[in-house]
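Heads up, the thing below is written out as C-alpha cells.
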Amino acid sequence: MSAAGGLGDGTRAVRAGLPEPVKHEPTLPGPVFAAHFHLPGDPTGPYTYGRDENPTWTHLERAIGELEAPDGDGVETLVFASGMAAISSVLLSQLRAGDSVVLPSDGYQALPLVRDQLEAYGIEVRTAPTGGDAQLDVLDGARLLWLETPSNPGLDVCDIRRLVEAAHARGALVAVDNTLATPLGQRPLELGADFSVASGTKQLTGHGDILLGYVCGRAGEAMTAVRRWRKIVGAIPGPMEAWLAHRSLATLQLRVDRQNATALAVAEALRDRPEELGVRYPGLPADPSHATAARQMRGYGCVVSFTLPTRARAERFLDALRLVDDATSFGGVRSTAERRGRWGGDAVPEGFIRLSVGAEDTEDLVADVLRALDESAR
Ligand SMILES: *Cc1c(COP(=O)(O)O)cnc(C)c1O
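Each residue of the sequence shown is one higher than the one before, starting from 1 at the first, in UniProt numbering.
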C-alpha cells in the first residue's frame, strides 16, 4: 500500500486496490455473488458469510484506503450501503447514553434526523456552524466531534487540523465527512482526524447510478466497533455496487480534474456578472472559505452555489438550462442543479441554487449557465 505514496493521483486511481495479477484472470476481478462461502471445518475467515466480508468489498476497501491515506499504514476501510449507513455506523457505534457529540448545524440534510435518534438514545447533541471554527466553544466534555468540510450545501470550510488538536486535547474523537472533496481533494486522516467518512454516491463513483458509503480510520478499537455495527445492522453494499464503484474509481482523477476546473470557471463567470449572486466556491480566491481550504485541500470540488433574488427567478433559471438536469445530489459526470430550498431542510434562501458541475466541455457549460441566467432575467 505504501508503494502508492510517491505516485500521481491519476496513476494511483487507475491502479487502486488491484490484486496481484493472475494469469487468465481479469485485472479487476468481477463481482463475487455469495451469501455464504464454502466453509468446511472450523469457521475461520476471511470469507465465511456474505454479511461479514466479501472479496469484492475487500478490493474496493483497499482502493479507497490507498486514496484516503497513500502513506498510511494500518488504515482500515469499511464500505457501506450508503453514505448515511456509514455516518450512522460511526455515530451509533462510538456513542453511548450520557455521551455528548458535536454535529454541524449546517451539514447534510439527514443529520437532523440522526440528531433526533441520538437524543432518543440519551446522547446529548450540540451543534455548531461549519465556518469560523465555532465548534471550539462547544467541545468541552464531548466524546465525538463531527465535521463536514466543505459543508453541503453552504460550502463553508473549517480548519480540520486546528479542530482535531483541540478535540484530541479534550479526549474527543474527530470524524470528517469527506464527501464533497473526495479523497483526491482532501485527506482528513493525514490532517489528524480519526475517521474519514463519505458518501460514495457522489463524485467518488460519479455516474449517479449507485449508492455507497465508506469509513476509513486507523485500525483499532474504534474501527472494530464500526465493523461490528455494520455486521449487526447489515448496512452492506451489494457486490455489484461495490464492483461498479471500484471500476468507477479508475476515472476518478480524470473526472475530478475536469469537473473541478470547470466548477472554478463557472464560479468565475458567475462572480463576474453585473448582478450580485452571492457565489460560493472554495476555489475562488475571494471566497470566505478559500484561505482555510487552500491550506488543507488539494482540490476544491465540483459544487458551486449562488443565490437568485426570488424563487420564481430560480425556477425560470433551472427551466432554461439545457445541459444541466434539474436533479438533486451532486458529483456526477452530467451537470445537475436544483433550488435547494424546495426540500425545506437547509437554512438557505428561496433562490439558492446548488450547481453540480459535470464532465461537459467547460465552454459549453459556462455558456449554458450564462444564457439561462439571461433568459430567466427577462
Ligand atoms: C449525500 C451526502 C450524504 C449521504 O449519502 P448517501 O449516499 O445519500 O446516503 C452524507 N454527507 C454528505 C455531505 C452528502 O452530500
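Where a beta carbon is used, it is the ideal one built from N, C-alpha and C, also for glycine.
{"Item": "Residue 339 burial status per 10 Å Cβ neighbour count (16 or more: buried)", "Value": "buried"}
{"Item": "Proximity of residue 321 and residue 369 at Cβ, strictly below 9 Å", "Value": "yes"}
{"Item": "Distance cut-off 8 Å: residue 87 Cβ against heavy atoms of ligand 1", "Value": "yes"}
{"Item": "Assumed close pair residue 381, residue 64 - CB separation to whole angstroms, cut-off 8 Å", "Value": "Residue 381 cannot be examined here, being either before or after the span of the chain that is shown, 1 to 378."}
{"Item": "Among 81, 25, 183, 69, the one whose alpha carbon lies nearest that of residue 51", "Value": "81"}
{"Item": "Cα-Cα separation, residue 254 to residue 300", "Value": "15 Å"}
{"Item": "Secondary structure of residue 1, DSSP reduced to three states", "Value": "Note that residue 1 has pLDDT 42, beneath the 50 cutoff, so the model's placement of it is unreliable and the number below is only indicative. Note: residue 1 maps to coil in three-state DSSP."}
{"Item": "Residue 148 Cβ short of 8 Å to ligand 1 heavy atom set", "Value": "yes"}
{"Item": "Alpha-carbon spacing of residue 124 relative to residue 113, whole angstroms", "Value": "14 Å"}
{"Item": "Residue 199 vs residue 188 beta-carbon contact at 9 Å", "Value": "no"}
{"Item": "Contact check, residue 102 vs residue 142, beta carbons under 9 Å", "Value": "yes"}
{"Item": "Stretch pair the stretch 274-286 + the stretch 150-163: three plus CB contacts closer than 8 Å", "Value": "yes"}
{"Item": "Where residue 146 falls, given that 16 or more other Cβ within 10 Å makes a residue buried", "Value": "buried"}
{"Item": "Residue 116 Cβ short of 8 Å to ligand 1 heavy atom set", "Value": "no"}
{"Item": "Sequence-distant residues of its chain with Cβ nearer than 7 Å to residue 287 (five each side left out)", "Value": "280, 281"}
{"Item": "Contained alpha helix (DSSP H) runs [length at least 4] in the stretch 17-75, N- to C-terminal order", "Value": "55-68"}
{"Item": "When 144, 59, 85 are compared against residue 94, the one with the closest alpha-carbon", "Value": "144"}
{"Item": "Collapsed DSSP secondary structure at residue 330 in the structure displayed", "Value": "coil"}
{"Item": "Unbroken stretches of the beta strand (DSSP E), 3 residues or longer, contained in the stretch 271-325", "Value": "303-307"}
{"Item": "Residue 363 versus residue 210: straight-line alpha-carbon distance, rounded", "Value": "29 Å"}
{"Item": "Local conformation of residue 248 per DSSP, three classes", "Value": "helix"}
{"Item": "Delimiting residues of the alpha helix (DSSP H) encompassing residue 139", "Value": "Here residue 139 belongs to no alpha helix (DSSP H), and DSSP marks it neither H nor E."}
{"Item": "Check: residue 198 C-beta below 8 Å from any heavy atom of ligand 1", "Value": "yes"}
{"Item": "C-alpha gap between residue 269 and residue 35, whole angstroms", "Value": "51 Å"}
{"Item": "Through-space distance from residue 171 to residue 373, alpha-carbon basis", "Value": "50 Å"}
{"Item": "CB-CB length for residue 323 against residue 335, believed under 8 Å", "Value": "6 Å"}
{"Item": "Buried versus exposed, by CB contacts within 10 Å (16 or more), residue 39", "Value": "exposed"}
{"Item": "Residue environment, residue 23, which counts as buried when at least 16 other CB atoms sit within 10 Å", "Value": "exposed"}
{"Item": "Inter-stretch contact at 8 Å, needing at least 3 Cβ pairs: the stretch 245-265 / the stretch 68-75", "Value": "no"}
{"Item": "The beta strand (DSSP E) enclosing residue 436, as first and last residue numbers", "Value": "Outside the displayed range of the chain (1 to 378) lies residue 436, so it cannot be described from this structure."}
{"Item": "beta-carbon residue 297 near ligand 1 non-hydrogen atom, thresh 8 Å", "Value": "no"}
{"Item": "Backbone secondary structure at residue 165 - three-state DSSP", "Value": "helix"}
{"Item": "Residue-level contact to chain C via CB, residue 335, 9 Å cutoff", "Value": "Among the chains in the structure shown there is no chain C, since it carries only a single protein chain."}
{"Item": "Separation of residue 97 from residue 265, as counted between CA atoms", "Value": "48 Å"}
{"Item": "Closest by C-alpha distance to residue 225, when choosing among 86, 237, 319", "Value": "86"}
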